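Trainee:
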Amino acid sequence: MRRTILLPALALVGGLALGTLLGGGLFSASQGLNGDARSSIPMAQAVTSSASAVPTAQPLDTGDNDILLERAESALELLKAEDYTGLSALIHPEKGLTLTPFSTVSTEYDRTLSSQEVSVLAEDEETYVWGVMDGSGMPIRSTCDAYFDRFVFNADYTQAPEVGVDTVLMSGNALENVADAYPQARFVDYNFPGIDPEKKGYDWCSLKLVFEPWQNNWYLVGLIHSEWTT
1 MRRTILLPAL ALVGGLALGT LLGGGLFSAS QGLNGDARSS IPMAQAVTSS
51 ASAVPTAQPL DTGDNDILLE RAESALELLK AEDYTGLSAL IHPEKGLTLT
101 PFSTVSTEYD RTLSSQEVSV LAEDEETYVW GVMDGSGMPI RSTCDAYFDR
151 FVFNADYTQA PEVGVDTVLM SGNALENVAD AYPQARFVDY NFPGIDPEKK
201 GYDWCSLKLV FEPWQNNWYL VGLIHSEWTT
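Following this line, the structure appears as structure tokens:
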């Protein structure tokens, strides 16, 4: 009889002890989980802050010749390939591109094209007036292709032996007024001091690419063709 009463009592005491141990373990595990979750919050916030910190573009260094030359060389390659769609992306969005056939920039006679007009040059077969001939003063009437062949890329300027930055390398009897016409600009002069050795330099020619800064980059505003004239 005493044994019968003792066994249930021992079972009851053992059950209470086991419950206490298990309860303590579960509580500790719960505490550990909550602690880990709380400790992970600052890390998540740090990741979010890092992802939202987008670096801003560096301002254009207008005194850096390498940046200017890189832009000019890109424009020359597009001219050589007759990729006018690509070239249009380099044209100043507000001022467009002014084309000067003989050294002297003239707001009265030179033709200015928008970036949109440049993008469709290859398909444009209309005849336009592009300025006046040096000496005679006769209007230059031609298609876009003919003008660019004669007064822009008349030589492969990607292979020009002389390159000047903000410097007119050669001049003739025409007024060189690039600095006055574009006071906010910089230019790169690609020059051939002569093409046919037998002409002893009387066939020199050059192409000036004129750029102005706009929204943190250089944009093409002028193409000035120069050559030896009588």
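With the working numbering applied, the sequence shown corresponds to residues 1 to 230, in that order. A virtual CB, placed ideally from N, CA and C, is assigned to each residue, including glycine. Computed from a prediction, not measured in an experiment: that's the story for all the values here.
1. Exposed or buried, which one is residue 191 when buried takes at least 16 other CB atoms within 10 Å?
2. Please state whether DSSP places residue 226 in a helix, a strand or coil.
3. With 16 as the cutoff for other CB atoms within 10 Å, does residue 34 come out buried or exposed?
4. Measuring straight from C-alpha to C-alpha, what distance separates residue 231 and residue 221?
5. Going by DSSP in three states, residue 65 sits in which element: helix, strand or coil?
6. Distance, Cα to Cα, residue 47 vs residue 64?
7. Helix, strand or coil, according to DSSP, for residue 206 in the structure here?
8. Identify, in the order they occur along the chain, each residue of the same chain with its Cβ nearer than 6 Å to the Cβ of residue 112, setting aside the five sequence neighbours on each side.
9. Could you check what DSSP says for residue 129 in three-state terms: helix, strand or coil?
10. Pop quiz: residue 152 and residue 207 are said to be a contact at Cβ under 8 Å. What is the actual Cβ separation, rounded to whole angstroms?
11. In this structure, does DSSP put residue 121 in helix, strand or coil?
12. So does the segment 163-177 actually touch the segment 123-133, counting three or more Cβ pairs closer than 8 Å?
Mentor: The short version:
1. In the sequence shown, residue 191 corresponds to position 191, counting from 1. That one is buried.
2. On the sequence shown, residue 226 is found 226 positions in, with the first residue counted as 1. The answer is strand: DSSP assigns residue 226 an E or B state.
3. Indexing the sequence shown from 1 puts residue 34 at position 34. The predicted model places residue 34 with a pLDDT of 43, which falls under 50 and marks its position as unreliable; any figure quoted below should be read in that light. Exposed.
4. The first residue shown for the chain is 1 and the last is 230, placing residue 231 beyond what the model contains.
5. Along the sequence shown, one-based indexing puts residue 65 at 65. The answer is helix: DSSP assigns residue 65 an H, G or I state.
6. Here residue 47 corresponds to residue number 47 of the sequence shown, with the count starting at 1. Here residue 64 corresponds to residue number 64 of the sequence shown, with the count starting at 1. Residue confidence is low: residue 47 scores 37 on pLDDT, short of 50, so the model does not pin down where it sits. No coordinate-derived value is stated.
7. For the purposes of this step, residue 206 is taken as residue 206 along the sequence shown, with counting starting at 1. Here residue 206 sits in strand by DSSP.
8. Numbered from its first residue, the sequence shown carries residue 112 at position 112. Cβ within range, chain order: 96, 98.
9. Numbered from its first residue, the sequence shown carries residue 129 at position 129. Strand.
10. Reading the sequence shown from its first residue, position 152 is the one you call residue 152. Reading the sequence shown from its first residue, position 207 is the one you call residue 207. Confirmed, about 7 Å.
11. Position 121 of the sequence shown, counting from 1, holds the residue named residue 121. Residue 121: helix per DSSP, three-state reduction.
12. no
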